[in-house]
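The listed protein sequences derive, respectively, from chains A and B. Its first residue numbered 0, the first sequence is counted upward by one per residue in numbering that gives the first Met the number 0. Its first residue numbered 0, the second sequence is counted upward by one per residue in numbering that gives the first Met the number 0. We treat Cβ as the ideally placed atom computed from N, Cα and C, and that holds for glycine. Below: one structure, written as C-alpha cells.
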Amino acid sequence: MVAAEGARLVMDRRAAVAKLLDARNDALVVSGLGSPSYDVYAHGDNDANYYLWGAMGGAALTGLGLAQAQPDKRVMVITGDGEMLMAFGSLPTIAVAAPLNLDIIVLDNHHYGETGMQKSHTGMGIDFSKIAMATGFADSGVLYNLCEVDTLCETLNSVSAGPRLYVLKVEAKNLQRALPPRDAVFIKNRFRSHLGFQPG
Amino acid sequence: MNLSGSSKKPSEHWSQDLYTVLRNADIRHMSYVPDAGHTALIRLLSDDSEVITNVLTTEEEGVAIATGAWLGGVRSVLLTQSSGVGNCVNMLSLVVQSRTPLLMLVTMRGEWNEFNPWQVPMGQATQTVLEAIGVIVYRADTAEDLLDIADQAATMAFDSDGQVAVLISQRLLGKKKW
C-alpha cells in the first residue's frame, strides 16, 4: 500500500499552489514553514500573505485565530505534512471552534523535505483527511492531480458549513527555494495594514 | 475553609473583577486549557456573547491562535496553568520574533503548599522558562495586586507590543481541595 501510494506522488506542488492562489480572490493566506512558504512566495508576494519561518505546528492555529477575528474573510492555510503532524491536536481544536471561513491545505509529500527527505507518518498510513472528518471537519479529501485541484478551487470559493481540510499528494522533490521576507515584524505590520490596522 | 464569610470560593471574588479588567482592555477572544484556579474566569468569558473562546488540546496552540487573532485585529488572552507554560516554549518564538502582543494569565502550582510533587518541577521553572524565551513576567501575590498587574500587563502587551505573562501565585489561589 505504501509503495503504491508513493508511486502516486506526482503532482507539481508549485503548480498546485499557483492554482490555489490564482483562485484566492481576497482570501488571507497563512503558510507553514519550509517549502509551503517558498511555494506561496514563488507565486508572487502579497500583503495578505503571512509566511511562517518557524513555530512549527502553528500554521493552522494562526489561521484559526485569524478566521475568528475576520469572519467575513476566507482564510487559507497552506502547509506541509510534517508541520501539520506537529499540530495534530489542532484538528480537534479547530473542529470544535467550527469556523465557517477556514480551509487547510496540506501539501503532502510523505517526507520532511527541509531536513533531508526523511519519511513522515503520512507515507506510513496516517491519513489527515480521515482524521479531519473524524474530528468533525465539514469537508475533506485527498487530491492527486492538478485537474482535481481545479475542482477544489471551485469548492474553496463556495460557502462552507465548517472548517475544511484537503490533502494534496505532491511530488517529493526539493525545488529551487523562493525565500519570502524573514523579518517577522515587517510581515506582521504589512499584513495588518492590508486589513486596515495600524502597524504595531 | 472560607476566609471571606460568603459561600463563594475565594477565586470567584477576584475573577469577576479580573474579567472586568480584561473586558475593559477590549479583550474579545480567549483560549484556555482548564485549570481549577481559572474556573470562574473561564465561565465568565465563555458566557459573554461578545467573546470568542477556544478550548485547546495543549497550551502552545493558544500562542498561535492569539497571533492570528492579532493579525486580524482582535485582542486575545491565553489562560493556562504553570505546567502548560512548558508546552509553549518554541511556539512563543512566534510572538517574540514578530513582536506580536500576547497576554497570558498563568495560575501557579508547585510553589506554595503544594501536595502533588509532580507539579513542582515545572512550577519552579515557570518564570525562568518564560524569561528565557523573552516573555515579560509579572507576579501577583494578592487579589488587589492581580487586578492592577493584569490591567497594566494588557497595556504592556497590546499598546507596547509586549509578550507578557502574569503569574497568579498559588498562595493567592489557595490549596487545591480534594
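What distance in whole Å lies between the Cβ atoms of residue j and residue i, which are believed to be in contact at a cut-off of 8 Å?
i                      : j                      : result
residue 164 of chain B : residue 136 of chain B : 5 Å
residue 62 of chain B  : residue 101 of chain B : 7 Å
residue 166 of chain A : residue 127 of chain A : 5 Å
residue 107 of chain A : residue 75 of chain A  : Rounded, the Cβ-Cβ distance is 16 Å, inconsistent with contact.
residue 19 of chain B  : residue 92 of chain A  : That belief does not hold up - the Cβ atoms of residue 19 of chain B and residue 92 of chain A are roughly 28 Å apart, past 8 Å.
residue 34 of chain A  : residue 115 of chain A : About 13 Å separates the two Cβ atoms, so there is no contact after all.
residue 83 of chain B  : residue 50 of chain B  : With a Cβ gap of about 20 Å, residue 83 of chain B and residue 50 of chain B do not count as contacting.
residue 142 of chain A : residue 168 of chain A : 7 Å
residue 141 of chain B : residue 171 of chain B : 6 Å
Rounded to whole angstroms, what's the CA-CA distance from residue i to residue j? Just pull it up for me.
i                      : j                      : result
residue 66 of chain B  : residue 64 of chain A  : 7 Å
residue 36 of chain B  : residue 45 of chain A  : 43 Å
residue 117 of chain A : residue 171 of chain A : 10 Å
residue 81 of chain B  : residue 59 of chain B  : 13 Å
residue 168 of chain B : residue 175 of chain A : 51 Å
residue 89 of chain B  : residue 85 of chain A  : 12 Å
residue 100 of chain A : residue 79 of chain B  : 27 Å
residue 16 of chain B  : residue 44 of chain B  : 12 Å
residue 154 of chain A : residue 17 of chain A  : 16 Å
residue 28 of chain B  : residue 7 of chain A   : 42 Å
residue 134 of chain A : residue 143 of chain B : 42 Å
residue 54 of chain A  : residue 95 of chain B  : 11 Å
residue 47 of chain A  : residue 26 of chain A  : 8 Å
residue 139 of chain B : residue 129 of chain B : 16 Å
residue 137 of chain A : residue 149 of chain A : 20 Å
residue 197 of chain A : residue 156 of chain A : 29 Å
residue 173 of chain A : residue 9 of chain A   : 13 Å
residue 131 of chain A : residue 184 of chain A : 32 Å
residue 4 of chain B   : residue 174 of chain B : A caution first: residue 4 of chain B carries a pLDDT of 44, below 50, which makes its placement in the model unreliable, though a value can still be read off. One C-alpha to the other measures close to 17 Å.
residue 13 of chain A  : residue 179 of chain A : 15 Å
residue 189 of chain A : residue 23 of chain B  : 28 Å
residue 12 of chain B  : residue 124 of chain A : 51 Å
residue 182 of chain A : residue 115 of chain B : 43 Å
residue 38 of chain A  : residue 122 of chain B : 42 Å
residue 30 of chain B  : residue 68 of chain B  : 11 Å
residue 93 of chain B  : residue 103 of chain B : 14 Å
residue 47 of chain B  : residue 121 of chain A : 40 Å
residue 40 of chain B  : residue 14 of chain B  : 5 Å
residue 85 of chain B  : residue 148 of chain B : 22 Å
residue 87 of chain B  : residue 34 of chain B  : 16 Å
residue 110 of chain A : residue 66 of chain A  : 28 Å
residue 87 of chain A  : residue 192 of chain A : 31 Å
residue 105 of chain A : residue 19 of chain A  : 12 Å
residue 124 of chain B : residue 117 of chain B : 13 Å
residue 15 of chain A  : residue 43 of chain A  : 14 Å
residue 52 of chain A  : residue 72 of chain B  : 22 Å
residue 129 of chain A : residue 52 of chain B  : 26 Å
residue 77 of chain B  : residue 24 of chain A  : 32 Å
residue 99 of chain B  : residue 38 of chain B  : 27 Å
residue 42 of chain B  : residue 54 of chain B  : 12 Å
residue 11 of chain A  : residue 113 of chain B : 56 Å
Please confirm whether residue i and residue j have their CB atoms less than 8 Å apart.
i                      : j                      : result
residue 177 of chain A : residue 50 of chain A  : no
residue 78 of chain A  : residue 140 of chain A : no
residue 81 of chain A  : residue 119 of chain A : yes
residue 166 of chain B : residue 105 of chain B : yes
residue 26 of chain B  : residue 75 of chain B  : yes
residue 64 of chain B  : residue 91 of chain B  : no
residue 187 of chain A : residue 70 of chain B  : yes
residue 29 of chain A  : residue 68 of chain A  : no
residue 162 of chain B : residue 134 of chain B : yes
residue 22 of chain A  : residue 146 of chain A : no
residue 89 of chain A  : residue 60 of chain A  : yes
(request) Could you tell me whether the segment 155 to 165 of chain A touches the segment 91 to 105 of chain A, where touching means 3 or more Cβ pairs closer than 8 Å? (result) yes
(request) Pull out every residue of the segment 48 to 62 of chain A whose Cβ sits closer than 9 Å to any Cβ of chain B, in chain order. (result) 49, 51, 52, 53, 54, 55, 56, 57, 58, 59, 60, 61 and 62
(message) If contact is defined by three or more beta carbon pairs under 8 Å, each pair taking one atom from either stretch, is the segment 151 to 158 of chain B in contact with the segment 108 to 125 of chain B?
(response) no
(request) Check distances from the C-beta atoms of the segment 169 to 183 of chain A to those of chain B and list, in chain order, the residues that come in under 7 Å. (result) 183
(request) Name, going along the chain, the residues of the segment 76 to 100 of chain A whose beta-carbon falls closer than 7 Å to a beta-carbon of chain B. (result) 88, 89, 91, 92, 95 and 96
(request) Check distances from the C-beta atoms of the segment 100 to 115 of chain B to those of chain A and list, in chain order, the residues that come in under 7 Å. (result) none
(request) Could you run through the segment 137 to 161 of chain B and flag, in chain order, every residue whose CB is less than 7 Å away from some CB of chain A? (result) 160
(message) For the segment 24 to 48 of chain B, list every residue whose C-beta sits within 9 Å of some C-beta in chain A, in sequence order.
(response) 27, 28 and 30
(message) Which residues of the segment 96 to 129 of chain A have a Cβ closer than 9 Å to any Cβ of chain B? Give them in chain order.
(response) 96
(message) Please list, in chain order, the residues of the segment 131 to 148 of chain A that have any C-beta partner in chain B closer than 7 Å.
(response) none
(message) Taking beta-carbon pairs under 9 Å, can you tell me which members of the segment 14 to 28 of chain A lie near chain B?
(response) 27
(request) Anything in the segment 75 to 104 of chain B with a Cβ closer than 8 Å to a Cβ of chain A? List those residues in chain order, please. (result) 75, 89, 90, 92, 93, 96, 97, 98 and 99
(request) With 9 Å as the limit, tell me which residues of the segment 56 to 71 of chain B have their beta carbon closer than that to any beta carbon of chain A; keep them in chain order. (result) 56, 57, 59, 60, 61, 62, 63, 64, 65, 66, 67, 68, 69, 70 and 71
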